[in-house]
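Sequence order for the protein chains is A, B and C. Read in the working numbering, the first sequence has 587 at position 167, and its numbers run on one by one without any break. Read in the working numbering, the second sequence has 562 at position 142, and its numbers run on one by one without any break. Read in the working numbering, the third sequence has 574 at position 154, and its numbers run on one by one without any break. Built from N, CA and C at the ideal position, the CB exists for glycine as well. First up is the structure itself, then whatever we jot down about it.
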Amino acid sequence: MRLRLTPREDSYYDLFAASANNLVTASRLLVEIISVDSDRSALIEKMAACEHAGDEHTHAIMRRLNESFITPFDREDIYRLASSLDDIMDYMEAAADLIGLYQIEHLPKEVVRQVEVLERASELTAEAMPRLRSMKNLNEYWIEINRLENQADQIYRRLLAKLFGGEYDALTVLKMKEVIDQLEGAADAFEHVANTIESIALKDG
Amino acid sequence: MRLRLTPREDSYYDLFAASANNLVTASRLLVEIISVDSDRSALIEKMAACEHAGDEHTHAIMRRLNESFITPFDREDIYRLASSLDDIMDYMEAAADLIGLYQIEHLPKEVVRQVEVLERASELTAEAMPRLRSMKNLNEYWIEINRLENQADQIYRRLLAKLFGGEYDALTVLKMKEVIDQLEGAADAFEHVANTIESIALKDG
Amino acid sequence: MRLRLTPREDSYYDLFAASANNLVTASRLLVEIISVDSDRSALIEKMAACEHAGDEHTHAIMRRLNESFITPFDREDIYRLASSLDDIMDYMEAAADLIGLYQIEHLPKEVVRQVEVLERASELTAEAMPRLRSMKNLNEYWIEINRLENQADQIYRRLLAKLFGGEYDALTVLKMKEVIDQLEGAADAFEHVANTIESIALKDG
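Quick look at the structure:
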């Protein structure tokens, strides 16, 4: 069992877990937003609220980092982990926001698959956070996130080929590409989270 | 009064102030460039000179950082602050440069408002830099920068909706979007500067 | 002569050299991919293999960094250098990949010049890496990289003006712009590498 130097150390784990659980909520909202064709505005507002909640988690982690002398792992790693989790939230919220802003009604069905990968990655990340305490069983987590990122990449590339394949006019391509770029950004950011956790675990080992 | 460990410490404040004052000059040039419809090339050249001046300030800060053992605040924070100030300059110069390169004659009037927000943010940042010495009265600065960033965001989103609203052809959308994206990047980078200063002040408190 | 604290120190230099040599291979593949008008798929596959090799070099550097207590220069600089070299590879691979994905047949001839600059920058970077050991004759390297980056910038700007000049339809502009943006990203990333090396040399001096 790892020795805890101060009782306050705990809250990093709690805050990271809260931040990751918030991503699960956000990714499920995204699935809904993509799936329905109408009345998306209430869902998009919920997503904005989700993003605000995420900002508060990030801010709480940064504040604690600035106030603490002792941290459970490298300050830089805590900073990176919090920033990458925050990036994922920002990407997901931006995708939802652009769908509303551009009033995109029908998205290619591959976008559903892109978002399902984000949902799975969110769940895996939320499950992995409590394991940071023991540093156990993290290996399978980052192998699986890397696998999902590759899958997201394949879906993204097929979507690009479809967008530019002649089926859509240039303005529609521009709008849709911005949405799927945000979703691809989220998938990449899950890999950054996994890489930071791998790096923390290696230093600990 | 804060104790100064060496007389050389001063120049970080002077260099940051010079870098921020340069942003005030650049933002006023941008207001002019956007406002006139012709003969922009002389103004765009002035902007390029402004960007070179900014590079020299950044380089001077980085050189001092590499040579100093003692710094008035964390090395990483000095690095981040200098980089973010430099990013703002780069975004503003890129916007001016693209207007010239794409020979954009008429920009939507909301772009004027976007640039006025940048001018106000530049002024506030330049006024805040000397207060880094005493670490006093910084709170109002970052509250106001955050307010301005939200305002910039609203203007940017309205501009996007307008650009994609059917009034412009796809190539015009592409060109204008690149300009307003650079301006939005500058607004975001002002928030990064404010966040870094908040983080410096919190550690000091 | 610099004292070596442990024999393992050597491998950082070897790994950086391997990473830079891999960029030479990649840039030559890019020249070929741009030059031919057909049968690019085998070349694009070779590029993907090149990118995998690059990932392994980066991973080996990061792993060593996590395991070492003593490093030949600042940990943060090793991290930045490895990341920037990896970024260059990613940009070059992405350009090749997009050419295949969008089935772009004819690229403006200025793209050849853009890629030739990357080839020259790769060669200079590969030649500079072994000089990190002695920290000698690095000055001419970063002056030349900065000159090449300015040249790349000029070519890129001319390409943008051409793309938006009315010769191409909006979808073609979108596709080509993504490719040349990746190439410009690679040119910028060579400057990041040179800046990191300048910073390492200054601390050492």
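Beta-carbon gap between residue i and residue j smaller than 7 Å
i: A621 (chain A); j: M555 (chain A); result: yes
i: M467 (chain B); j: E513 (chain B); result: yes
i: I453 (chain A); j: A516 (chain A); result: yes
i: N557 (chain A); j: R551 (chain A); result: yes
i: I565 (chain C); j: A614 (chain C); result: yes
i: K623 (chain B); j: N570 (chain A); result: no
i: W562 (chain B); j: E525 (chain B); result: no
i: R553 (chain A); j: Y433 (chain A); result: yes
i: F417 (chain A); j: Y588 (chain C); result: Since the first residue shown for chain A is 421 and the last is 625, residue 417 (chain A) is missing from the structure and cannot be characterised.
i: H648 (chain B); j: S504 (chain B); result: No answer is possible for residue 648 (chain B): the residues shown for chain B start at 421 and end at 625.
Sequence-distant residues of its chain with Cβ nearer than 8 Å to residue i (five each side left out)
i: Q534 (chain A); result: A572, I575, Y576, L579, I600, L603, E604, A607
i: Y511 (chain A); result: Q602, L603, G605, A606, A609
i: E536 (chain A); result: V451
i: E539 (chain A); result: V444, S447, R448, L450, V451
i: L463 (chain B); result: L449, E452, I453, V456, A516
i: F489 (chain B); result: none
i: L518 (chain B); result: I524, K595, E598, V599, Q602
i: T491 (chain A); result: E429, Y432, L485, I498
Rounded distance between the beta-carbons of residue j and residue i, thought under 8 Å
i: D507 (chain C); j: T616 (chain C); result: So it is not a contact: roughly 11 Å between Cβ atoms.
i: K582 (chain A); j: E530 (chain A); result: 7 Å
i: A480 (chain B); j: A546 (chain B); result: That belief does not hold up - the Cβ atoms of A480 (chain B) and A546 (chain B) are roughly 17 Å apart, past 8 Å.
i: G520 (chain A); j: S461 (chain A); result: 6 Å
i: R484 (chain A); j: S431 (chain A); result: 7 Å
Within-7 Å CB hit, residue i to chain B
i: R428 (chain A); result: Residue placement at R428 (chain A) cannot be trusted, given a pLDDT of 49 that sits under 50; the coordinates are not used to answer.
i: A621 (chain C); result: no
i: L423 (chain A); result: With a pLDDT of 47 at L423 (chain A), under the threshold of 50, the modelled position of that residue is not reliable, and no figure is offered here.
Close beta carbons around residue i, own chain, < 6 Å, minus the five adjacent residues each side
i: F493 (chain B); result: I620
i: E471 (chain A); result: M509, E513
i: L423 (chain C); result: Interpretation of L423 (chain C) is limited by its pLDDT of 47, a score under 50 that renders its predicted location unreliable; the figure taken from the coordinates is listed afterwards. Here the set comprises nothing.
i: L436 (chain B); result: Note on identity: in this sequence residue 436 (chain B) is Phe, with Leu being the wrong assignment. For F436 (chain B), where only same-chain residues beyond five positions count, the Cβ hits under 6 Å are M549.
i: T478 (chain A); result: A502, D506
i: V532 (chain B); result: I454
7 Å Cβ cutoff, residue i in contact with chain A
i: Y588 (chain C); result: no
i: L463 (chain C); result: no
i: L580 (chain C); result: no
i: N486 (chain C); result: yes
i: L443 (chain C); result: no
i: F384 (chain B); result: Outside the displayed range of chain B (421 to 625) lies residue 384 (chain B), so it cannot be described from this structure.
Other residues of its chain near residue i: CB distance less than 7 Å, five sequence neighbours each side excluded
i: E543 (chain A); result: V444
i: P427 (chain C); result: Because the pLDDT at P427 (chain C) is just 45, under 50, the model does not fix this residue reliably, and the value given afterwards should be weighed accordingly. Nothing meets the Cβ criterion.
i: G474 (chain A); result: S439, N442, D506, M509
i: P528 (chain B); result: L579, K582
i: R500 (chain B); result: T616
i: E465 (chain C); result: none
i: L425 (chain B); result: In this prediction, L425 (chain B) has a pLDDT of 48, which is less than 50 and means its spatial position is unreliable; nothing more can be read from the coordinates.
7 Å Cβ cutoff, residue i in contact with chain C
i: F610 (chain A); result: no
i: F493 (chain A); result: no
i: L521 (chain B); result: yes
i: G605 (chain B); result: no
i: L591 (chain B); result: yes
i: K595 (chain B); result: yes
Please determine if the region 434-452 of chain B and the region 583-595 of chain A are in contact, where contact requires at least 3 C-beta pairs separated by less than 8 Å. no
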